[in-house]
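Okay, so the sequence shown: first residue is 1 according to the working numbering, each after it adds one. By construction, the Cβ of each residue, glycine as well, lies at the ideal position given by its N, Cα and C atoms. Treat the numbers as computed from the prediction; the structure is a model and nothing was measured.
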Amino acid sequence: MLGRLARCLRILGYDTAYAGHLNDSRILAWARYEGRILLTRDHLLAKRAGALAILVEEEKINKQLSEIDKKTGLTKRAWFSRCPVCNQALELTTSADSRPYIPLYVYRGFSEVKRCPSCQRIFWKGTHWVRFRNSLLTLLDT
Numbered sequence: 001m002l003g004r005l006a007r008c009l010r011i012l013g014y015d016t017a018y019a020g021h022l023n024d025s026r027i028l029a030w031a032r033y034e035g036r037i038l039l040t041r042d043h044l045l046a047k048r049a050g051a052l053a054i055l056v057e058e059e060k061i062n063k064q065l066s067e068i069d070k071k072t073g074l075t076k077r078a079w080f081s082r083c084p085v086c087n088q089a090l091e092l093t094t095s096a097d098s099r100p101y102i103p104l105y106v107y108r109g110f111s112e113v114k115r116c117p118s119c120q121r122i123f124w125k126g127t128h129w130v131r132f133r134n135s136l137l138t139l140l141d142t
């Protein structure tokens, strides 16, 4: 239900678990066990979770981020420090170390890349990064 929001929060540097495959009781138990804030669009689950939950009422991702920012005050953490796919902390590496796994233009144009130790995905600050960063700054500064 909030998979895209989870991905964006990870990009913002938040340790964000996503449990779309679990039923409500297990999601609630997991959130309590790990001491997590539960973000949900499910009114009944939010009611059951009480103060542990934040009900996300917006449907579009940019409005969801804005809503979460207003309700919690998202801080500017270490952006792009977590894998958006699996939530692990990214490791800094060089393009030379990652040469077999990255396109030639990345090898030639970027000295710094990050790698996920869990899923092995590789990330670099290309044009997509700049656009995403600018849109987040605009969104969170309004």
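Between the alpha carbons of residue i and residue j, how many angstroms are there, rounded?
i           : j           : result
residue 121 : residue 12  : 17 Å
residue 49  : residue 28  : 7 Å
residue 107 : residue 124 : 10 Å
residue 155 : residue 69  : With the chain covering 1 to 142 only, the question about residue 155 has no answer from this structure.
residue 54  : residue 132 : 25 Å
residue 31  : residue 1   : 16 Å
residue 93  : residue 105 : 17 Å
residue 126 : residue 103 : 12 Å
residue 26  : residue 116 : 27 Å
residue 38  : residue 24  : 11 Å
residue 7   : residue 58  : 16 Å
residue 96  : residue 60  : 39 Å
residue 130 : residue 98  : 21 Å
residue 85  : residue 75  : 21 Å
residue 46  : residue 34  : 17 Å
residue 128 : residue 42  : 32 Å
Smallest Cα separation from residue i: which of the options?
i          : options     : result
residue 20 : 40, 125, 69 : 40
residue 52 : 59, 72, 61  : 72
Drop a sphere of 10 angstroms on the beta-carbon of residue i, count the other beta-carbons inside from all chains shown, and report buried for 16 or more, exposed for fewer.
i          : result
residue 56 : buried
residue 5  : buried
residue 44 : exposed
Closer than 8 Å, CB to CB, is residue i near chain B or not?
i          : result
residue 53 : This model lacks chain B altogether; it includes just one protein chain.
Find out if the Cβ-Cβ distance for the pair residue i, residue j is shorter than 8 Å.
i          : j           : result
residue 83 : residue 135 : no
residue 3  : residue 14  : no
residue 66 : residue 139 : yes
residue 16 : residue 9   : yes
Inspect the CB distances between the stretch 98-112 and the stretch 77-89 and report whether three or more fall short of 8 Å.
no
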